Amino acid sequence: MLPQRFGKTELTEKELKNDRKTCIKAGPCGLGRRALYLNTFFLDRRLYACYEDIERIYKRIAMSAGGFSGRGVFAAVPYLVVELKDKRSRQCSFRSEEDVDTLMRWIGENHPEIHLYTKEGQERMEARAREEEEREKKVLSATADAAVRSLEADLAFLEEHPEIWERLRRTVREKRRIDHIPASFRAVMGTIALTGAAGAFWGLYSLFSGRDYGLWGILFGAAFLFYAASSRILPLGADRPSAAGAAWTEAVRSAREALSSKEDFFLPAQYADPVVVRRMLRVLKSGRAGSREEALEAVKEDLRALNSSVTVSKEEHDEVAAVKPLFMECGYMDELSW
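Structural data, given as C-alpha cells:
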C-alpha cells in the first residue's frame with residue numbers, strides 16, 4: 003500500500019516506491035531523498051510530505067498532568083510536529099525521544115531551509131543570539147581567546163562524532179532511571195508478576211484437569227506477567243542496576259578511547275557533549291571566565307544552581323536536561339576512580 007500525499011507536491015508511483023524503499027527509518031517516520039514519511043495512529047510511514055512543502059518541523063514533549071514520574075503511563079511522550087507552508091500541520095507520536103532527535107538532526111543537516119523550532123521559539127532563539135552577540139563584542143584576553151579557539155575545535159570534533167555523546171546521554175539517563183526506581187515500586191510490580199505466574203500455573207493445571215475456565219486463568223496470568231515485564235521496573239535483563247552501571251562505564255571508556263584521537267581535547271570523557279562545550283564558550287565570550295578550567299567550573303556552578311524550582315526557557319531546559327545527568331552521576335568530579 004503506497005503512502006498518501008500530505009502536502010501539495012505529488013510524487014509518481016515509481017518515485018514514491020523507490021523513495022520509500024530507500025528511506026532512513028526514524029521510529030515510525032522515515033527520511034527519504036524526496037519526502038518525509040509520517041505515521042498515522044496505526045500505521046508507520048503511511049503519509050508523505052515533500053520537503054519543499056514543509057515550513058517547519060519541531061519536537062514537542064507531552065507530560066501527564068499531575069503525578070508525573072517518568073515511568074509507565076506517566077512517562078513523557080515525544081511528538082514530532084510537521085507544519086506545511088499551506089498552514090496545515092500534523093503531529094506524530096514516537097516511543098523514543100532519541101528517534102525524534104535523530105530525525106531533526108538529519109533534517110537540519112540536509113534541509114537547512116526547514117525551521118526546527120516553533121515560530122515563537124525561533125524568535126526567542128534570534129533574540130538570544132543577538133544578546134549573546136552583544137555580550138561577545140568585548141575584547142577577550144589572549145588566554146581566553148586561545149581557550150575559545152581550542153573549544154571551538156573540540157566542538158567541531160564532537161559534532162562530527164555524535165555517536166560518542168549520544169551513547170553517554172543514553173546510558174547515563176537509563177542508569178539514573180533504574181537507580182532511582184523506589185523499592186516500593188519494585189515490590190508492587192514483583193507482587194503483580196508473582197500473581198500473574200500463579201494465575202497462569204493455576205490456569206494450566208485447571209485446563210489439564212478438564213476445567214474449561216482454566217483458559218481464563220492463563221489469559222489473566224499472562225496479562226499480569228506481560229504488564230510487569232513491560233513496566234521495566236523489575237530488575238531483569240538490561241533493567242538490572244548492575245547492567246545499567248556496566249553500560250555507563252563502558253560508554254565512558256569508549257568515549258575516552260575515541261577522544262584520544264583528538265589532540266588536546268579538554269573535557270573529561272564523561273562530560274564530552276556539545277552542549278557542555280557551547281555553554282563553556284558562552285561563559286568565556288561573556289567574560290565570566292578567562293580559561294577553559296574556569297569556564298568548566300562556571301558551567302558546573304550554573305548546573306548546580308538549576309533545579310525544579312528555577313524557571314528557565316525551553317531551550318535552556320533542553321540543554322540542562324541533556325547534560326546535567328552526566329555531572330550528577332559523576333558528582334561533578336573530573337577524575338573518576340575507574
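All residue numbers for the sequence shown refer to the numbering used here, where the first residue is 3 and numbers rise by one. Glycine residues also receive a C-beta, built at the ideal position from the N, C-alpha and C atoms. Only a predicted model underlies this, so the values are computations on that prediction, with no experimental measurement involved.
Check each candidate in Ala189, Asp103, Gln6 and name the one with the smallest Cα separation from aspartate 320.
Taking the sequence shown and counting its residues from 1, the one referred to as residue 320 is at position 318. That would be Asp103, whose Cα lies nearest to the Cα of aspartate 320.
What distance in whole Å lies between the Cβ atoms of tyrosine 50 and leucine 18, which are believed to be in contact at a cut-off of 8 angstroms?
Taking the first residue of the sequence shown as position 1, residue 18 is located at position 16. Taking the first residue of the sequence shown as position 1, residue 50 is located at position 48. Sure, about 7 angstroms apart at Cβ, within 8 angstroms.
Name the DSSP bridge partner or partners of tyrosine 50?
Residue numbering aside, residue 50 sits at position 48 when the sequence shown is read from its first letter. For tyrosine 50, which the question treats as bridged, DSSP gives the partners Arg7, Tyr39.
Just curious, the alpha helix (DSSP H) that proline 80 is in, first and last residue?
On the sequence shown, residue 80 is found 78 positions in, with the first residue counted as 1. Per DSSP, proline 80 lies in no alpha helix (DSSP H) segment; the continuous beta strand (DSSP E) that holds it begins and ends at 79–86.
Provide the residue(s) that pair with lysine 89 in DSSP beta bridges, ordered along the chain.
For the purposes of this step, residue 89 is identified with residue 87 of the sequence shown, where counting begins at 1. Answer is none; lysine 89 lacks a bridge partner.
Which residue or residues does DSSP assign as beta-bridge partners of glycine 2?
The question about residue 2 has no answer, for the chain in this structure spans 3 to 340.
Extent of the continuous alpha helix (DSSP H) to which glutamate 252 belongs
One-based indexing of the sequence shown puts residue 252 at position 250. Where glutamate 252 is concerned, the enclosing alpha helix (DSSP H) stretches over 243–261.
To the nearest angstrom, how far is the alpha carbon of threonine 145 from that of arginine 294?
The residue labelled residue 145 in the question sits at position 143 within the sequence shown. The residue labelled residue 294 in the question sits at position 292 within the sequence shown. Cα to Cα, threonine 145 sits roughly 9 angstroms from arginine 294.
Is it true that the CB of glycine 223 sits closer than 8 angstroms to the CB of alanine 202?
Along the sequence shown, one-based indexing puts residue 202 at 200. Along the sequence shown, one-based indexing puts residue 223 at 221. With contacts defined as CB atoms closer than 8 angstroms, alanine 202 and glycine 223 qualify as a contacting pair.
Taking contact to mean 3 or more Cβ pairs, one atom from each stretch, closer than 8 angstroms, check whether the segment 188–200 and the segment 150–169 are in contact.
In short, these stretches do not touch, since the Cβ pair count stays below three.
Here's the rule I'm using: 16 or more other beta-carbon atoms within 10 Å means buried, otherwise exposed. How should asparagine 112 be labelled?
Indexing the sequence shown from 1 puts residue 112 at position 110. Exposed, because fewer than 16 other Cβ atoms sit within 10 Å of the Cβ of asparagine 112.
With C-beta atoms as the reference, is aspartate 21 less than 8 angstroms away from glycine 34?
In the sequence shown, the residue the question calls residue 21 occupies position 19. In the sequence shown, the residue the question calls residue 34 occupies position 32. Yes, they are a contact pair.
Would you check if the distance between the CB atom of glycine 110 and the CB atom of lysine 316 is smaller than 8 angstroms?
Within the sequence shown, residue 110 is the residue found at index 108, counting from 1. Within the sequence shown, residue 316 is the residue found at index 314, counting from 1. It is not a contact, given that the beta carbons lie outside the stated cut-off.
Tyrosine 229 lies in the alpha helix (DSSP H); which residues open and close that run?
Stepping through the sequence shown from its first residue, residue 229 is reached at position 227. Start and end: 216–232.
In terms of alpha-carbon separation, which member of Arg284, Gly29, Ala230 lies closest to leucine 157?
Position 155 of the sequence shown, counted from the start, is the residue given in the question as residue 157. Among Arg284, Gly29, Ala230, the Cα nearest to that of leucine 157 belongs to Arg284.
For alanine 129, name the three-state secondary structure that DSSP assigns.
Numbered from 1 along the sequence shown, position 127 holds the residue referred to as residue 129. Three-state result, alanine 129: helix.
So who's on the other strand from cysteine 94, going by DSSP bridges?
Here the question's residue 94 lines up with position 92 in the sequence shown. In the DSSP output, where bridge partners are listed per residue, cysteine 94 has Leu82.
Which same chain residues end up closer than 6 angstroms to glutamate 99 when comparing Cβ atoms and leaving out the 5 residues on each side of it in sequence?
Residue mapping note: residue 99 aligns to position 97 of the sequence shown, counting from 1. Contacts found: Pro80.
Give a yes or no on whether the C-beta atoms belonging to isoleucine 59 and leucine 82 are separated by under 8 angstroms.
In the sequence shown, residue 59 corresponds to position 57, counting from 1. In the sequence shown, residue 82 corresponds to position 80, counting from 1. Yes, the Cβ-Cβ distance between isoleucine 59 and leucine 82 is below 8 angstroms.
So, glycine 54 versus threonine 14, is the Cβ gap smaller than 8 angstroms?
Here residue 54 refers to the residue found at position 52 when the sequence shown is read from its first residue. Here residue 14 refers to the residue found at position 12 when the sequence shown is read from its first residue. Before going further, note that residue 54 is glutamate rather than glycine in the sequence given. Taking the C-beta atoms as reference points, threonine 14 is found no nearer than 8 angstroms to glutamate 54.
If you reduce the DSSP assignment to three classes, tell me which class glutamate 295 lands in.
What you label residue 295 is simply residue 293 of the sequence shown in a count that begins at 1. Residue state, collapsed to three classes: helix.
Three CB pairs or more closer than 8 angstroms across the segment 175–192 and the segment 243–252
yes
In three-state terms, what does DSSP make of glutamate 115?
Locating residue 115 in the sequence shown gives position 113, counting from the first residue. In this structure, glutamate 115 counts as coil in the three-state DSSP scheme.
Inter-residue spacing [alpha-carbon to alpha-carbon] between glutamate 134 and serine 288
Walking along the sequence shown from the start, residue 134 turns up at place 132. Walking along the sequence shown from the start, residue 288 turns up at place 286. Cα-Cα distance, rounded: 8 angstroms.
Quick check on tyrosine 334: does DSSP put it in helix, strand or coil?
Translated into the one-based positions of the sequence shown, residue 334 becomes position 332. Three-state result, tyrosine 334: coil.
Work out the CA separation of leucine 206 and glycine 333 for me, nearest whole Å.
Here the question's residue 333 lines up with position 331 in the sequence shown. Here the question's residue 206 lines up with position 204 in the sequence shown. Roughly 51 angstroms between the two C-alpha positions.
Buried or exposed: where does alanine 149 fall if 16 or more other Cβ atoms within 10 Å of its Cβ makes it buried?
Taking the first residue of the sequence shown as 1, we reach residue 149 at position 147. Burial call: buried.
So what does DSSP say about isoleucine 194, is it helix, strand or coil?
Looking up residue 194 in the sequence shown gives position 192. Reduced to three states, the DSSP call for isoleucine 194 is helix.
What is the rounded straight-line gap between the Cα of proline 237 and the Cα of tryptophan 250?
What you label residue 237 is simply residue 235 of the sequence shown in a count that begins at 1. What you label residue 250 is simply residue 248 of the sequence shown in a count that begins at 1. When rounded, the distance between both Cα atoms is 16 angstroms.
Paired residues, beta bridge with alanine 64 - DSSP
Against the sequence shown, residue 64 aligns to sequence position 62. For alanine 64, which the question treats as bridged, DSSP gives the partners Val79.
When DSSP labels each residue in this structure, what does arginine 290 get in the three-state scheme?
Translated into the one-based positions of the sequence shown, residue 290 becomes position 288. Coil.
8 angstroms contact criterion, which leucine 38 and isoleucine 56 should meet: CB distance rounded
As a first step, residue 38 is located in the sequence shown; it is residue number 36 there, counting from the start. As a first step, residue 56 is located in the sequence shown; it is residue number 54 there, counting from the start. Between isoleucine 56 and leucine 38 the Cβ distance is about 7 angstroms, and since that is below 8 angstroms, they are a contact.
Measure the beta-carbon distance from valine 174 to proline 327 and round it to whole angstroms, keeping in mind my assumption that it falls under 8 angstroms.
Translated into the one-based positions of the sequence shown, residue 174 becomes position 172. Translated into the one-based positions of the sequence shown, residue 327 becomes position 325. At roughly 5 angstroms, the Cβ-Cβ gap stays under 8 angstroms, so valine 174 and proline 327 are in contact.
Would you identify the three-state DSSP class for glutamate 136, choosing helix, strand or coil?
Position 134 of the sequence shown, counting from 1, holds the residue named residue 136. Secondary structure of glutamate 136 (DSSP, three-state): helix.
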